[in-house]
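Novice: Once you've had a glance at the structure underneath, I'll fire off some questions.
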Amino acid sequence: MNDPSLIRIEVVYALRDQQQIKEIQVCRGATIEDGIRISGILDEFDGIDIETSKVGVYGSLRKLSDPVVEGDRIEIYRPVE
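Here it is as structure tokens:
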């Protein structure tokens, strides 16, 4: 049975030769920062500085404090090399 207090989102981070997509559930009202932290992606990539990295949803820049909605794909952007 689905819990109506939870929504499904994705968290994505890509390097030149590697991509990680995490599908997770978060509570309604969660923020982009919550989603990133809950996904565990920060533990997998040492180079992500959440305080300075730009983030977005489907290519649109957002703030860490912005709420997520069902189906959002959070993208963590890295500087272009």
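Numbering follows UniProt numbering, with no gaps: position 3 of the sequence shown is 3.
Backbone N, C-alpha and C fix where the C-beta goes; we use that ideal spot for every residue, glycine too.
Considering Cα atoms alone, identify which of Y77, V80, I41 and T52 is closest to I24.
Specialist: By 1-based counting over the sequence shown, the position of residue 24 is 24. Comparing Cα positions, the closest option is I41.
Novice: Rounded to the nearest angstrom, how far is the Cβ of V55 from that of I7, given a contact under 8 Å?
Specialist: Counted from its first residue, the sequence shown places residue 55 at position 55. Counted from its first residue, the sequence shown places residue 7 at position 7. Their Cβ separation, rounded to whole angstroms, is 17 Å, which puts V55 and I7 out of contact at 8 Å.
Novice: Would you mind listing the beta strand (DSSP E) stretches within the segment 31-58 that are 3+ residues and don't spill past its ends, in chain order?
Specialist: Segments of the beta strand (DSSP E) lying fully in the segment 31-58: 54-57.
Novice: With burial defined as no fewer than 16 other Cβ atoms inside 10 Å of the residue's Cβ, what is the status of E44: buried or exposed?
Specialist: The count along the sequence shown starts at 1 and reaches residue 44 at position 44. With fewer than 16 other Cβ atoms within 10 Å, it is exposed.
Novice: Hey, could you find the ends of the beta strand (DSSP E) L61 is sitting in?
Specialist: Counting from 1 along the sequence shown, the entry for residue 61 is found at position 61. L61 -> beta strand (DSSP E) spans S60 to R62.
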